[in-house]
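S.K.:
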Amino acid sequence: MTSRDAILRRLRAVKPPYADEPPPAEYLPVVPLDASDRAALIDRFVTKAEALSSVVHRCASEEQARATVLDIISPDDRVLCWDFVHIPLPGLAEALDRAGIAIAPPDDASVRVGITGADAALAATGSLVIASGAGKPRRTSLLPLVHVAVARAEQILPHMEAWIAEMRARGDNAFTDPSSIVIVSGPSRTADIAMELILGMHGPGALHIVLIESEKQQ
Amino acid sequence: MDLPARTSPVGQPVALYVTCLVDYLFPGVGIASVRLLEHLGLTVTFPFAQTCCGQPAYNGGYHREARPLAERFLDVFHDVPVIVCPSGSCTTMIRVEYPRLFADDPIRAEQARAIAARTWELTEFLVDGLGRADLGLRLPEQQTFAIHDSCHGLRHLGLGRQARALIEAMENARLVPLEDHDECCGFGGLFSVKMPELSAAMLEKKLAHIRACEAPTIVTGDVSCMMHMNGGLVREGAFRQVRHIAEVLADGLPEGVRHAQ
Amino acid sequence: MHNEAGQFIANARQALANPPMLAAVKRATDTADRKRDLAMFADGREHGEALRQQSATARHRALSQLPALLEQAEERLTANGATVLWAVDAAEVCRHVQEIAARHNVRRVTKSKSMISEEVGLNDALIAAGIDVLETDLGEFIIQLAAEPPSHIVTPVIHKSKETIRDLFVERLGMPPTDDAQTMARFAREHLRAAFLSSEMGISGGNFIIAETGTLCLVTNEGNGRMVTTLPPVHVALVGIEKVIATLEDYALLTQVLPRSATGQALAVYTHMINAPRRTGEDDGPEALYVILVDNGRSAIYESEYAEVLGCIRCGACMNACPIYEAVGGHAYGWVYPGPIGAVLTPLMTGLKEASPLPNASSLCGKCKEVCPIDIDLPRMLLNLRRDLVVQGHTPLPWLAGMRAWSVAARSPRVFDAAARAAHAVQPVLPKGKKLPLGPLAGWTASRELPQLAAQPFRAWWSEREKRAAQQKAEESDDQP
Numbered sequence: 001m002t003s004r005d006a007i008l009r010r011l012r013a014v015k016p017p018y019a020d021e022p023p024p025a026e027y028l029p030v031v032p033l034d035a036s037d038r039a040a041l042i043d044r045f046v047t048k049a050e051a052l053s054s055v056v057h058r059c060a061s062e063e064q065a066r067a068t069v070l071d072i073i074s075p076d077d078r079v080l081c082w083d084f085v086h087i088p089l090p091g092l093a094e095a096l097d098r099a100g101i102a103i104a105p106p107d108d109a110s111v112r113v114g115i116t117g118a119d120a121a122l123a124a125t126g127s128l129v130i131a132s133g134a135g136k137p138r139r140t141s142l143l144p145l146v147h148v149a150v151a152r153a154e155q156i157l158p159h160m161e162a163w164i165a166e167m168r169a170r171g172d173n174a175f176t177d178p179s180s181i182v183i184v185s186g187p188s189r190t191a192d193i194a195m196e197l198i199l200g201m202h203g204p205g206a207l208h209i210v211l212i213e214s215e216k217q218q
Numbered sequence: 001m002d003l004p005a006r007t008s009p010v011g012q013p014v015a016l017y018v019t020c021l022v023d024y025l026f027p028g029v030g031i032a033s034v035r036l037l038e039h040l041g042l043t044v045t046f047p048f049a050q051t052c053c054g055q056p057a058y059n060g061g062y063h064r065e066a067r068p069l070a071e072r073f074l075d076v077f078h079d080v081p082v083i084v085c086p087s088g089s090c091t092t093m094i095r096v097e098y099p100r101l102f103a104d105d106p107i108r109a110e111q112a113r114a115i116a117a118r119t120w121e122l123t124e125f126l127v128d129g130l131g132r133a134d135l136g137l138r139l140p141e142q143q144t145f146a147i148h149d150s151c152h153g154l155r156h157l158g159l160g161r162q163a164r165a166l167i168e169a170m171e172n173a174r175l176v177p178l179e180d181h182d183e184c185c186g187f188g189g190l191f192s193v194k195m196p197e198l199s200a201a202m203l204e205k206k207l208a209h210i211r212a213c214e215a216p217t218i219v220t221g222d223v224s225c226m227m228h229m230n231g232g233l234v235r236e237g238a239f240r241q242v243r244h245i246a247e248v249l250a251d252g253l254p255e256g257v258r259h260a261q
Numbered sequence: 001m002h003n004e005a006g007q008f009i010a011n012a013r014q015a016l017a018n019p020p021m022l023a024a025v026k027r028a029t030d031t032a033d034r035k036r037d038l039a040m041f042a043d044g045r046e047h048g049e050a051l052r053q054q055s056a057t058a059r060h061r062a063l064s065q066l067p068a069l070l071e072q073a074e075e076r077l078t079a080n081g082a083t084v085l086w087a088v089d090a091a092e093v094c095r096h097v098q099e100i101a102a103r104h105n106v107r108r109v110t111k112s113k114s115m116i117s118e119e120v121g122l123n124d125a126l127i128a129a130g131i132d133v134l135e136t137d138l139g140e141f142i143i144q145l146a147a148e149p150p151s152h153i154v155t156p157v158i159h160k161s162k163e164t165i166r167d168l169f170v171e172r173l174g175m176p177p178t179d180d181a182q183t184m185a186r187f188a189r190e191h192l193r194a195a196f197l198s199s200e201m202g203i204s205g206g207n208f209i210i211a212e213t214g215t216l217c218l219v220t221n222e223g224n225g226r227m228v229t230t231l232p233p234v235h236v237a238l239v240g241i242e243k244v245i246a247t248l249e250d251y252a253l254l255t256q257v258l259p260r261s262a263t264g265q266a267l268a269v270y271t272h273m274i275n276a277p278r279r280t281g282e283d284d285g286p287e288a289l290y291v292i293l294v295d296n297g298r299s300a301i302y303e304s305e306y307a308e309v310l311g312c313i314r315c316g317a318c319m320n321a322c323p324i325y326e327a328v329g330g331h332a333y334g335w336v337y338p339g340p341i342g343a344v345l346t347p348l349m350t351g352l353k354e355a356s357p358l359p360n361a362s363s364l365c366g367k368c369k370e371v372c373p374i375d376i377d378l379p380r381m382l383l384n385l386r387r388d389l390v391v392q393g394h395t396p397l398p399w400l401a402g403m404r405a406w407s408v409a410a411r412s413p414r415v416f417d418a419a420a421r422a423a424h425a426v427q428p429v430l431p432k433g434k435k436l437p438l439g440p441l442a443g444w445t446a447s448r449e450l451p452q453l454a455a456q457p458f459r460a461w462w463s464e465r466e467k468r469a470a471q472q473k474a475e476e477s478d479d480q481p
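Residue numbers (the working numbering), protein chains in the order written: chain A, 1 to 218; chain B, 1 to 261; chain C, 1 to 481.
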């Protein structure tokens, strides 16, 4: 008998410790939020993100967003960057090129800044959903000291429960297609040294969220 | 809290279960309880055959040794309509643990459930059972108190609100908060004897809060906690004391009642 | 991990003689407990209690379907490209990891936190196989340097002061002395970075596995969890069989309740869902993902009356709230899991006899159950473990004899009364204000006065009162014409 069989057999040999109840028809969300007020939702996202020491750059235009990104990168001349198709900021590739900023290979561990898009943003906690995929290396948001995430205001969902519901609505593999999904809530941190809060332990020490609050230009 | 529901005890005579600690160490608590209940016009009986509820043995894991004591309790109190007990921990033993102790004996289990449905801790009896927080009490002089919430009563029986209501309703009584009032004093029954240094360390934390408290008198609903805290306070010669709520309230009875024979 | 639970009393005594350590523990646990309360009840007490109930139900549902969910998890994980292995005991876990390491020519392992790896002594097994093992969670890294066990399941070095950690880094790593925590952390970051980038295998634990989708879930703050599960070509995850949960909705709930209960965070910095090893077209991620489902005593608990304890999500709230944990710290508990959860798990997993002091290391105050997000009745289990200790004969004979004597005496009001009278007669002889060398009383009297037996017990007062009342009634009826 394999270990697998031994374990399963043992578990099946007894009456389960609880009666089998069906899951609730509706789950109480951990953070109750009124999703109808978009403006309030966006404000909440910003407030919560800033409370986690993320830096939020609210940009009224794509031009402003591009300038912000360049500003954060300066004076470096190399960055890690997702494929531009996954970053919701048209013209970014050209802007970086014009500024003489090279895109380093995804495994370059010496680069200070990594630029990604986001798969969703969560207002309840000021968090970003960062999924892996072709052209979306995991390391871009992990290795550099500075993580720049570009997101559009319309990507903001109320909370994690809403994001899960959206994944379900999208279809079977929406959730499991990426090999890795990280919900990022601020820069990395530790309080292990006598409970002093320190930002930038192993992951990025700074998270810049470039939030574009205008219609997407084609 | 999954406790057997109780019917209103109004109009019923009350059988007092004083507990062995009160009986032999702190009889004043029992006397005060009787005075308070009689002041409210209740008929109080004291089934003489009562002894220990078995909690020390039970909490130590000695269920076989606790069982005869519990059975005795069920027998002694089987035909009284209402039982009142000036102890949160003993009341917990009766209401929460007796049904478990007799889970394998349907007859005793049913007796335990029936008794659990007729047993009240003193403060909940007054405030929830009789619906009386104001007992018409008045202290001869202004006094300030703080309450220490004994663990069993607090977490198993939801006690705390009632004691506060009773003290606040008493004239000349003022209630102030005790820091970490719901933190264990470290007694834990035989825990204080099995792990005395640990128990003493917990007591010291409680005493530090008591020393820093504005109230010279700390009030509690369990003489076990009381004797533990006073054990430390007396040793250090402190000016503070811990008293059982029955005695504190009884101080507010009319002069004649308080000292009646 | 070496089990010292049997020496709890001696270890507790040692801890009590270390006030600076205890001050550090108290500061950490007071803060964590306060933050937990703020976070769990941020939207009101009623909402917070509802979340606790919802979480408890989610865990109960998972436990009630455990074998089926494990099979579903295995099927989904495998379909996603992971290799699922099962381990009955500690030896098998170590064997699996050693085999995987050999297969992939692993020379150096980087680890993020895994309590199971402590349970099974994995680090020692790997080192014995000539493999270098580096803990990367800052707290675990520090205790690895100090060659100590962790003292808390979430924040393993709350017992260490900043100065102690500084000295450790200076001595063992050659750090230039500094009292700035940020500088110390930066130093550790640089030191560990090279290891992350060069190690051939990353080992992690697992906070949950979502059966519905075959997803391994990690909850971390530092980023090392992401590092060890992304950079090395091989990732091995050790997950207890009880960690399986049913659905995405259960996951959303529990992955938010866990950080709130643990540290007061709404979400951990990295809420990480791992579905698969590197997918075609992806630039990074491990080439191989192994998930080892570990039993190591859990199925035995499942079979017992203590199955409820398998609902634990390892948040540490119980130890943050526990007055005994605060009084002696985590090391006194002697094994992987300290505090109230440890007082229950250690006897169940390593043997009641070996861990016999632990069920008694509690005043049964009930705070642990009150703060547990899964509402696990730890005090109930401690009571039942004490019963088990007695039934299995692991209690000292004097105690059993004493209890029997008490039971016999208390059964008879007259015997009990006589004994109390005798004690009352003897008591004045005992000196006051000092420690009395009288067996169990010595401990009490070291710092406390004994209560005094009353001159007149309550029942004597009552009898007299009845007599007087009867007399009075007789006199009154005598007076009647």
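Every residue gets a Cβ at the ideal spot worked out from N, C-alpha and C, and that includes glycine. These numbers were taken from a predicted model, which means no experiment stands behind them.
Along the segment 20-39 of chain B, what residues have a CB closer than 9 Å to any CB found in chain C?
M.R.: If the cut-off is 9 Å between Cβ atoms, the segment 20-39 of chain B has C20, L21, V22, D23, Y24, L25, F26, P27, G28, V29, G30, I31, V34 near chain C.
S.K.: Residues of chain A with CB under 9 Å from K369/C, in chain order?
M.R.: Neighbours of K369/C on chain A: none; closest Cβ ~17 Å, over 9 Å.
S.K.: Could you give the residue range of the alpha helix (DSSP H) that holds R152/A?
M.R.: Counting along the chain, R152/A falls outside any alpha helix (DSSP H), though it belongs to the beta strand (DSSP E) covering 146-152.
S.K.: Can you tell me where the beta strand (DSSP E) holding N172/B begins and where it ends?
M.R.: 171-175 is the extent of the beta strand (DSSP E) around N172/B.
S.K.: Do E486/C and V236/C have their C-beta atoms closer together than 8 Å?
M.R.: With chain C covering 1 to 481 only, the question about residue 486/C has no answer from this structure.
S.K.: Listed from N- to C-terminal order along the chain, which residues in the segment 443-464 of chain C have their beta-carbon within a distance smaller than 9 Å of any beta-carbon of chain A?
M.R.: From the segment 443-464 of chain C, no residue has a Cβ closer than 9 Å to chain A.
S.K.: Taking 7 Å as the cut-off, is the CB of D2/B close to at least one heavy atom of the ligand ZN?
M.R.: Among the components modelled here there is no ligand, and therefore nothing to report on the ligand ZN.
S.K.: Between which two residues does the beta strand (DSSP E) containing F208/C stretch?
M.R.: Looking at the DSSP string, the run of the beta strand (DSSP E) that includes F208/C is 208-210.
S.K.: Kindly list, in the order they appear in chain C, the residues whose Cβ is closer than 8 Å to that of F45/A.
M.R.: Near F45/A there are no residues of chain C at all, since even the closest Cβ is about 13 Å away, more than 8 Å.
S.K.: Mind checking if A343/C is an interface residue toward chain B, Cβ cutoff 8 Å exclusive?
M.R.: Output row for A343/C: interface = no.
S.K.: Can you tell me whether DSSP reads Q86/C as helix, strand or coil?
M.R.: Here residue 86/C turns out to be Trp, not Gln, going by the sequence shown. The answer is strand: DSSP assigns W86/C an E or B state.
S.K.: For G133/A, name the three-state secondary structure that DSSP assigns.
M.R.: The answer is strand: DSSP assigns G133/A an E or B state.
S.K.: Does Q144/C come out as helix, strand or coil in the three-state DSSP assignment?
M.R.: In this structure, Q144/C counts as helix in the three-state DSSP scheme.
S.K.: Kindly indicate if chain C contains any beta-carbon less than 8 Å away from that of P196/B.
M.R.: It does; some Cβ of chain C falls within 8 Å.
S.K.: Can you give the beta carbon distance from A195/C to R59/C, rounded, assuming they're within the 8 Å contact cut?
M.R.: So it is not a contact: roughly 36 Å between Cβ atoms.
S.K.: So, is T78/C buried or exposed, given that buried needs 16 or more other C-beta atoms within 10 angstroms?
M.R.: Looking at its Cβ environment, which holds fewer than 16 other Cβ atoms inside 10 Å, T78/C is exposed.
S.K.: Considering only residues of the segment 239-315 of chain C, which uninterrupted alpha helix (DSSP H) runs meet the minimum length of 4 residues and lie entirely inside it, listed in chain order?
M.R.: 248-263, 298-303, all fully within the segment 239-315 of chain C.
S.K.: Using beta carbons (cut-off 8 Å, strictly below), is R411/C in contact with chain B?
M.R.: It does: the Cβ of R411/C has a partner Cβ on chain B nearer than 8 Å.
S.K.: Take V85/A as the anchor and find which of A174/A, V182/A, V150/A, S3/A has the nearest alpha-carbon.
M.R.: Checking every option, the nearest Cα to that of V85/A belongs to V150/A.
S.K.: Should G339/C go down as buried or exposed, given a rule of 16 or more other Cβ atoms within 10 Å for buried?
M.R.: It counts as buried.
S.K.: If you drop the 5 nearest sequence neighbours on each side, which residues of the same chain put their C-beta closer than 8 Å to that of E50/A?
M.R.: Same-chain partners within the cutoff: V56, G126.
S.K.: Taking Cβ-Cβ distances below 7 Å as the criterion, which residues of the segment 277-302 of chain C are in contact with chain A?
M.R.: Listed in sequence order: P277, R278, R279, G281, E282, D283, D284, G285, D295, S299, Y302.
S.K.: Give me the residue from R459/C, L385/C, I203/C, S204/C with the minimum Cα distance to L21/B.
M.R.: Among R459/C, L385/C, I203/C, S204/C, the Cα nearest to that of L21/B belongs to R459/C.
S.K.: Per DSSP, which residues does V391/C bridge with? Please list them.
M.R.: Per DSSP, none; premise fails for V391/C.
S.K.: Quick one: is I9/C near chain B, going by C-beta distance under 8 Å?
M.R.: Judged by the 8 Å Cβ criterion, I9/C is in contact with chain B.
S.K.: I245/B to H78/B, Cα distance in whole Å?
M.R.: Each residue's Cα considered, the two are about 28 Å apart.
S.K.: Suppose contacts are defined by Cβ-Cβ distances below 8 Å. Is G252/B in contact with R155/B by that definition?
M.R.: Taking 8 Å as the Cβ cut-off, G252/B and R155/B do not qualify as a contacting pair.
S.K.: Return no unless some Cβ of chain A is closer than 8 Å to the Cβ of R27/C.
M.R.: Yes - at least one Cβ of chain A is within 8 Å of the one on R27/C.
S.K.: Expressed to the nearest angstrom, what Euclidean distance is found between the alpha-carbon atoms of Q155/A and D119/A?
M.R.: Distance between the alpha carbons of Q155/A and D119/A: 8 Å.
S.K.: With DSSP as the reference, label D2/B as helix, strand or coil.
M.R.: Coil, per DSSP.
S.K.: Roughly how many angstroms lie between the CA atoms of G136/B and I153/C, to the nearest whole one?
M.R.: Rounded to whole angstroms, G136/B to I153/C spans 53 Å at the Cα level.
S.K.: So, does the segment 5-25 of chain B touch the segment 193-207 of chain A, judging by three or more C-beta pairs under 8 Å?
M.R.: Taking 8 Å as the limit for Cβ pairs, the verdict is that the segment 193-207 of chain A does not touch the segment 5-25 of chain B.
S.K.: Does the segment 190-202 of chain B come close enough to the segment 118-134 of chain B to have 3 or more Cβ pairs within less than 8 Å?
M.R.: They do not touch, by the three-pair rule.
S.K.: So S64/C and A19/A are in contact, right, with Cβ under 8 Å, and what is the actual spacing, rounded?
M.R.: About 7 Å separates the two Cβ atoms, so the contact holds.
S.K.: Please name the residues in the segment 95-106 of chain B whose beta-carbon is closer than 7 Å to at least one beta-carbon of chain C, in chain order.
M.R.: So nothing in the stretch comes that close.
S.K.: From T395/C to L389/C, what distance separates their C-alpha atoms?
M.R.: Their backbone Cα atoms lie some 6 Å apart in a straight line.
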